[in-house]
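Peer 1:
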Amino acid sequence: MFNNDLFSDVKFVVQTAAQGESESKQVIPAHKFVLSISSPVFEAMFYGELAKTTDTIEVPDCEYDSLLELFRYMYSDEVILSGSNVMGVLYLAKKYMVPSLANKCTEYLHNNLDPSNVFNILPSALKYEEKTLAYRCWEVIDTQTEEAVKSDGFGTIKRALLEGVVKRDTLTIKEIELFKAVDFWATKECNRQRLTVNGAAKRRVLGESLVKALRFPTMDQRDFASVVLDSKILTLDEITCIIKDLNSVSSSLEMFPKTKRCGFISRCNRFGWPTYGLDYFRASKDAISLSVDKDIVLHGVCLFGRQNTAYSVDLEVIDSKNKSVSVSLHGKFYSEEL
237 MFNNDLFSDV KFVVQTAAQG ESESKQVIPA HKFVLSISSP VFEAMFYGEL AKTTDTIEVP
297 DCEYDSLLEL FRYMYSDEVI LSGSNVMGVL YLAKKYMVPS LANKCTEYLH NNLDPSNVFN
357 ILPSALKYEE KTLAYRCWEV IDTQTEEAVK SDGFGTIKRA LLEGVVKRDT LTIKEIELFK
417 AVDFWATKEC NRQRLTVNGA AKRRVLGESL VKALRFPTMD QRDFASVVLD SKILTLDEIT
477 CIIKDLNSVS SSLEMFPKTK RCGFISRCNR FGWPTYGLDY FRASKDAISL SVDKDIVLHG
537 VCLFGRQNTA YSVDLEVIDS KNKSVSVSLH GKFYSEEL
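Numbering-wise, the sequence shown is residues 237 to 574 according to the numbering used here.
1. Mind checking whether phenylalanine 355 and glycine 389 have CB atoms under 7 Å apart?
2. Using a Cβ-Cβ cut-off of 7 Å (strictly less than) and excluding sequence neighbours within five positions of arginine 217, which residues of its own chain qualify?
3. Tell me the DSSP secondary structure of glycine 567 in three-state form.
4. Taking 8 Å as the limit between beta carbons, can you name the residues of its chain near serine 312, skipping five residues before and five after?
5. Out of Ala546, Val433, Lys288 and Lys496, which has the shortest C-alpha to C-alpha gap to alanine 454?
6. Run through the DSSP bridge pairs and tell me what leucine 551 is partnered with.
7. Assuming glutamate 299 and glycine 324 form a contact by the criterion Cβ under 8 Å, report the distance between their Cβ atoms to the nearest whole angstrom.
8. CB-CB under 7 Å to leucine 303, same chain, minus the five flanking residues each way: which ones, in chain order?
9. Under the assumption that threonine 342 contacts leucine 317 (Cβ atoms under 8 Å), give the Cβ distance between them as a whole number of angstroms.
10. What does the alpha-carbon distance come out to for the pair valine 537 and serine 548?
11. Do you know whose CA, among Asp241, Leu306, Asn353 and Leu242, lies nearest methionine 333's CA?
12. Provide the residue(s) that pair with alanine 266 in DSSP beta bridges, ordered along the chain.
13. Since I believe leucine 349 is in contact with valine 376 (beta carbons under 8 Å), could you give me their beta-carbon distance rounded to a whole number of angstroms?
14. Just to confirm my understanding: we take glutamate 382, look at its own chain, exclude 5 residues before and 5 after, and list those with CB closer than 6 Å. What are they?
15. How many Å lie between tyrosine 512 and arginine 542 at the Cα?
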């Protein structure tokens, strides 16, 4: 019955592509009963108090391929997703309240997420409140920032999302590379708004809060002079303040953040939840060996013990490559909770 005129009692007309001055349209035949048992929206549309009496329904807000896959799923519980239709199918699944199809779309997006498409996927994940998918998008942005901001999708994101990216402390990117990406976005936005591309226009489309979130004092002096100054985005007072910071000259003005971004923070948990306490604290040695493929910063170590118990602990952080001790601590702690 899928996409078949046989016993069809409704037709959906979808606009495809404009050909000259005329519009190209395609028709998908369907069956009201099948659609209604799959979607409460279609049920109300066809059998509710304000049911449509027409047998032809125009659908102006979607593409033919996306609507076809929505109907395929309603008829057969199967869907053929691709990079070109998944966002449209997700939109229709939300619009017509088919949560199982929406889950398939978000699963597909999650499995195919990478720095090249993360800024195409994140706006939809935020719009449809797909929290797990949005979290995974932010994780990709944090860990592979430079690749992500150089993708085609970055230049098309909304200003609010751009500001959200720039304000993140967990980005893994040099500040000068982030500025280049922001400057590129501002140029694209000026073109979209048909503004003359210059420093004043770029600053206007970026907004003060976004510009003030950039960490110019953490840049290399040569990069600041050769890239940032040429962009003409900063005022003379701001340039003076930043140059003083870069040359370790005290300044009464603190216009921009002075701390480097910490990069993606990963928490390595050896244990889930130690319900019965940990016996290895009984005057025994224990060790955890970690290997990494890039420079990291160790922020801290958390020790677990039995409830209401005091411990005396020697802790060493050893560089296994040259057998040197990086950190050596001796102390006592009292475990109030497991």
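Quick reminder that beta carbons are idealized off the backbone N, C-alpha and C, glycines included.
As the structure is a prediction and not an experimental result, all values here were calculated from the model.
Peer 2: So, from the data block:
1. For the purposes of this step, residue 355 is taken as the residue at position 119 of the sequence shown. For the purposes of this step, residue 389 is taken as the residue at position 153 of the sequence shown. Closer than 7 Å, so yes.
2. Nothing can be reported for residue 217, as the shown portion of the chain is limited to 237 through 574.
3. Stepping through the sequence shown from its first residue, residue 567 is reached at position 331. Of the three classes helix, strand and coil, the one that applies to glycine 567 here is strand, per DSSP.
4. Counting from 1 along the sequence shown, the entry for residue 312 is found at position 76. Excluding residues within five positions, the ones whose Cβ falls inside 8 Å are Phe238.
5. Within the sequence shown, the letter at position 218 stands for residue 454. The residue asked about is misnamed: residue 454 is threonine in this sequence, not alanine. Ranking the options by Cα distance to threonine 454, first place goes to Lys496.
6. On the sequence shown, residue 551 is found 315 positions in, with the first residue counted as 1. Note: leucine 551 sits in a beta bridge opposite Leu565.
7. Along the sequence shown, one-based indexing puts residue 299 at 63. Along the sequence shown, one-based indexing puts residue 324 at 88. With a Cβ gap of about 5 Å, glutamate 299 and glycine 324 count as contacting.
8. Residue 303 sits at position 67 when you count from the first residue of the sequence shown. Within the same chain, and ignoring the five residues on either side of leucine 303 in sequence, the residues whose Cβ sits closer than 7 Å to its Cβ are Phe248, Val250, Ile264, Val295 and Leu328.
9. In the sequence shown, the residue the question calls residue 342 occupies position 106. In the sequence shown, the residue the question calls residue 317 occupies position 81. Contact between threonine 342 and leucine 317 is ruled out by a C-beta separation of about 11 Å, above the 8 Å threshold.
10. Position 301 of the sequence shown holds residue 537. Position 312 of the sequence shown holds residue 548. When only Cα atoms are considered, valine 537 and serine 548 end up about 15 Å apart.
11. As a working note, residue 333 is residue 97 in the sequence shown. Out of Asp241, Leu306, Asn353 and Leu242, Leu306 has the C-alpha closest to the C-alpha of methionine 333.
12. Counting from 1 along the sequence shown, the entry for residue 266 is found at position 30. DSSP links alanine 266 through a beta bridge to Val246.
13. By one-based count along the sequence shown, residue 376 stands at place 140. By one-based count along the sequence shown, residue 349 stands at place 113. In this structure valine 376 is in contact with leucine 349, their Cβ atoms being roughly 6 Å apart against a cut-off of 8 Å.
14. Here residue 382 is taken as the residue at index 146 of the sequence shown, counted from 1. Only Ile409 and Glu413 meet the Cβ criterion.
15. Here the question's residue 512 lines up with position 276 in the sequence shown. Here the question's residue 542 lines up with position 306 in the sequence shown. For tyrosine 512, the pLDDT reaches just 48, beneath the cut-off of 50, and the residue's location in the model is therefore unreliable, leaving the point undetermined.
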